[in-house]
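**Student:** Using the working numbering, the letters of the sequence shown map in sequence onto residues 37 to 111. By construction, the Cβ of each residue, glycine as well, lies at the ideal position given by its N, Cα and C atoms. The model shown is predicted, which means the values in this text are computed figures rather than measured ones.
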Amino acid sequence: MLVPQGREGEMSSRRGKRAKKMPHITCEKCKNTLRYKGRDRNGAESIRLLYSCGKCLREIVLVLNKGWIERIEVL
Numbered sequence: 037m038l039v040p041q042g043r044e045g046e047m048s049s050r051r052g053k054r055a056k057k058m059p060h061i062t063c064e065k066c067k068n069t070l071r072y073k074g075r076d077r078n079g080a081e082s083i084r085l086l087y088s089c090g091k092c093l094r095e096i097v098l099v100l101n102k103g104w105i106e107r108i109e110v111l
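#1: Do you know whose CA, among V99, R94, W104 and N68, lies nearest V110's CA?
#2: So the candidates are K91, R77 and K102; which of them puts its Cα closest to the Cα of K65?
#3: Measuring alpha carbon to alpha carbon, tell me which of L85, H60 and E81 ends up nearest G103.
#4: Since Y87 and I61 should fall inside the 8 Å C-beta cutoff, what is the C-beta to C-beta distance between them, to a whole number of angstroms?
#5: May I ask you to report which of helix, strand or coil DSSP gives R103?
#6: Taking the alpha carbon of C89 as the point to measure from, which residue in Y72, P59 and K57 has its own alpha carbon closest?
#7: If you draw a straight line from the C-alpha of L115 to the C-alpha of P59, how long is it?
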């Protein structure tokens, strides 16, 4: 059952939903924290996250599968 919230008395369906935290990754070469650039979904099996380093200009793809994480380096 939805409970009215707010001053206007509107129904809230977003109760209990929160954004997931992105994984923090550091560059192996310069030990700098990588910046998140984008996301690519490959169906329901895996999610590819693209990160880039601001110092050494490396790009790294993090593949999140059902039971494991794989790190792929892209130049």
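**Tutor:** Working from what's here:
#1: R94
#2: K91
#3: E81
#4: Indeed, because the Cβ distance is near 6 Å, the residues count as touching under 8 Å.
#5: The sequence given here has Gly at residue 103, not Arg. Three-state DSSP puts G103 in coil, outside helix and strand.
#6: Y72
#7: As shown, the chain starts at 37 and ends at 111. That puts residue 115 outside it, with no answer to give.
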